[in-house]
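Chains as they are written, first to last, in the working numbering: chain V, 1 to 238; chain U, 1001 to 1383. Built from N, CA and C at the ideal position, the CB exists for glycine as well.
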Amino acid sequence: MKNEIGIKVENLTKIYGTGENAVHVLENASLEVKKGEFAALVAPSGAGKTTLLMMLGCVIEPTSGKIWLGEELVWDEDHWSISDTKKIRREKIGFIFQAHYLIPFLNVIENIKLVPLVNGWSETKAEKKAMELLEYFDIKDKREAMPSELSGGQNQRVAIARALSNEPQIILADEPTAALDMERAVKVIKLLRKIVEEQNVAIIMVTHDERLLPYCDKILSIQNRKVVTTTPDQHLIV
Amino acid sequence: MINLAYKDIAHSYLKFIITAMGVGMLLGIVMIMIGVYRGMIIDAQVLLDDVGADLWIVQENTLGPFAESSRIHEDLKNTLKTHPDIVKTAALTFLNLQIQTPGGVMKRVYCIGYNPFGDIVPVNPKRLVAGRGLQKSHYEIVVSHKLGFKIKDTIKLGRNIYTVVGITKGVVSSGGDPAVFVSLKDSQELQFLYSNARIRNDRARGLKVDADAHLVNTVVAKTSPSSDSKKIAEEIKRWKHLNAFTVQEEREILTKNVIETASKQIGMFTIILIVVSTIIIALIIYTMTLEKIKEISIMKLIGLPNIMIIKMIMQETIILGILAFIFGNLFAHLIWDKFPKRVVLENGDAFMLFAIILIASILASLFGVYKALKADPLAAIGG
């Protein structure tokens, strides 16, 4: 199981603008994260972490290179090789962000059920899955609450539950702990670690906090517009 | 499937309802304006319908008695009766007066004089809400309910005091002034008899004082059912010194010559109000979409299809339109009778306005839809 490809990138290049104004964010960057692996993406601000994450999430078009999600080639040099990037996002990817970004006019369970229902799940199946996740994250009693009625930590747990509701192959997390204190941040990371192990998903998490790196399996750092893969031990020694 | 429009509205229902009420009030005002326009058309024809004559005979070369002043002899009513196809005639006078209401306010009224014992009586019994029509040749008056008088109240007009014997509702002049009815003799005196001071003054100047009160503004006639009113009117015109109109021609004069400018003005205001309402509704829908642009970006980021987002915006637009229409109708029906002039609210106009506003709203929501489709998913995370 652990050898299955979660996400794979080959020679990925992203250039914003053209001519003299061209900004090279990534040049021939390659990486691979297998299912059941928890990878941290680290780099200084402005190095292109979010750009890379959003290219992996089929939100931003790369300039060239190849991206595989699982076994499926989604970006092939200069075009999407899939017809609907949104479908890929809602079926294969779960997003977690620094803020919860829940839809404010839907309650907790509706936020969690929304994507599975759009994916064609039955109401019963979506409800069952949502209840499982709420129980898993210990917020079952908040199922009818609106996001505005929850604490920051509770909202973040709902956001993670939403990211898992469609049973994704990959979770892309953009600084999910940046707004939390260390104690809560560790709780969230341990939770993600648990998800990786129990649900065999691949997680790539952008973070600035090196204290969280020991919880990850590998570190992807952007250096000179390329992605360098190391283990947490190697990274901390460097 | 979760209905996003319903959920969004339920989440901020108070704001949505207040917005719908605001738009509704705007639509209500548009409905009232259309009602004022309709009211003007009806007001202009109330007297024509109540008199019920087939022919209106007036002074030569005039469009009297409503569009131009006209003076003809009262006894023309007898001459006209000699025509084999004329079965009924009546002499009528029309003049504007100022009456002091019981509240002490001076109000302009349209005074109609008729012979209470004549063939044609212009007081429509259906419009009498209290009392009766005139039954004496002098000093009785039938007033409009808008003036605030009660039966047996007295009113000083000219040299004499009149007693209120009847109260009507809905009888007005083409300009919308409430109508009062007095006997022909009284109205002739009010219209043609000078004051004592004026008579003394004229005598002192050596002018001939000829208080010929046997003039009227029009003589109306009813023709036999088998006759051709148009043909009779042509015959009367040949008698010289007279002009004659059929009721259709008189109706045309009233709606075209008398109230055309005013009705066009109201029509222009109505069109401008519809355009302004449409722009405001478009802006509201556009703003509503802009307010949700972050949520829309999140939806796009997590992979919701565009059609769901478009459906949400469209459904909210339609619900807003329907609610605004309901509020607009309620508002219009609450205030229509507070207007001094007649306001006629017709279902056809309301539904036509609803269709216009709904189509305009849907078109306006396309700006919102365009904005939503252009929304960058990265905007959700500040990317």
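Confirm, please, whether the CB-CB distance from residue 1107 (chain U) to residue 1098 (chain U) is below 8 Å.
-> yes
Ranges of the alpha helix (DSSP H) found wholly within the stretch 110-136 of chain V, counting only runs of at least 4 | 123-136
Residue 205 (chain V), DSSP secondary structure in three states = strand
Partners in chain V for residue 1008 (chain U), counting only beta-carbon separations shorter than 8 Å = 105
Return the bridge partner residues of residue 1111 (chain U) from the DSSP annotation.
-> U:1095 and U:1180
Assigned exposure category for residue 198 (chain V) - 16 Cβ within 10 Å defines buried = exposed
Between residue 238 (chain V) and the rest of its own chain, which residues show a CB-CB distance below 8 Å, the 5 nearest in sequence each way excluded?
-> In this prediction, residue 238 (chain V) has a pLDDT of 49, which is less than 50 and means its spatial position is unreliable; what the coordinates show is noted afterwards. Same-chain partners within the cutoff: 230.
In the DSSP assignment, find the unbroken beta strand (DSSP E) run with residue 1166 (chain U) in it and report its ends.
-> 1160-1168
Residue 1011 (chain U) at chain V interface by Cβ criterion, 8 Å | yes
Taking the alpha-carbon positions, what's the residue 1227 (chain U) to residue 1109 (chain U) distance?
-> 36 Å
Output, in chain order, the set of chain V residues within a Cβ distance shorter than 8 Å of residue 1295 (chain U).
-> 103, 104 and 105
Could you give the C-beta distance for residue 129 (chain V) and residue 116 (chain V), rounded to a whole number, given that I count them as a contact under 8 Å?
-> 6 Å
How long is the line joining the alpha carbons of residue 1029 (chain U) and residue 1329 (chain U), rounded to whole angstroms?
-> 10 Å
Counting only beta-carbon atoms, is residue 157 (chain V) nearer than 8 Å to chain U?
-> no
Interface residues of the stretch 109-141 of chain V facing chain U [CB-CB below 9 Å] = 110, 113, 114, 115, 117, 118, 119 and 123
If you scan the stretch 1225-1254 of chain U from start to end, which runs of the beta strand (DSSP E) of 3 or more residues do you find wholly inside it?
-> 1242-1246
Quick one: Cα of residue 1012 (chain U) to Cα of residue 1362 (chain U), how far?
-> 21 Å
Verify the CB distance criterion: does residue 59 (chain V) have a CB-CB separation below 8 Å to chain U?
-> yes
When you compare only the Cα positions, how much space is there between residue 1127 (chain U) and residue 1144 (chain U)?
-> 10 Å
Nearest-angstrom beta carbon gap, residue 1219 (chain U) and residue 1072 (chain U) [assumed within contact, 8 Å] = 6 Å
Beta-carbon proximity of residue 163 (chain V) to residue 95 (chain V), cut-off 8 Å = yes
Work out the CA separation of residue 38 (chain V) and residue 189 (chain V) for me, nearest whole Å.
-> 10 Å
How about residue 95 (chain V): is its C-beta nearer than 8 Å to some C-beta of chain U?
-> yes
Can you list, in chain order, the residues of the stretch 35-52 of chain V whose Cβ is nearer than 9 Å to any Cβ on chain U?
-> 50 and 51
When the Cα atoms are used, what is the spatial distance from residue 149 (chain V) to residue 141 (chain V)?
-> 12 Å
CB contact check: residue 87 (chain V) to chain U, cutoff 8 Å | yes
What's the gap between the Cα of residue 1130 (chain U) and the Cα of residue 1149 (chain U)?
-> 11 Å
For my contact list, residue 1105 (chain U) and residue 1166 (chain U) are in at a C-beta cut-off of 8 Å; report their separation, rounded to the angstrom.
-> Their Cβ separation, rounded to whole angstroms, is 21 Å, which puts residue 1105 (chain U) and residue 1166 (chain U) out of contact at 8 Å.
Sufficient close CB pairs (3 or more, under 8 Å) joining the stretch 1058-1077 of chain U to the stretch 1200-1207 of chain U | no
Could you say which of V:120, V:122 and V:111 lies nearest to residue 134 (chain V) if we only look at CA atoms?
-> V:111
Under 9 Å by beta carbon: chain U residues contacting residue 90 (chain V) = 1302, 1303, 1304 and 1305
Taking only beta-carbon positions, decide if residue 1314 (chain U) is within less than 8 Å of chain V.
-> no
Which residues in the same chain as residue 1033 (chain U) place their Cβ atom closer than 7 Å to its Cβ, once the five residues preceding and following it in sequence are excluded?
-> 1266, 1269, 1270 and 1273
To which residues of the same chain is residue 178 (chain V) closer than 6 Å at the C-beta, ignoring the five residues directly before and after it?
-> 98
Test: residue 1308 (chain U) CB closer than 8 Å to a CB of chain V | yes
Would you check if there are 3 or more beta carbon pairs closer than 8 Å linking the stretch 30-47 of chain V to the stretch 3-10 of chain V?
-> yes
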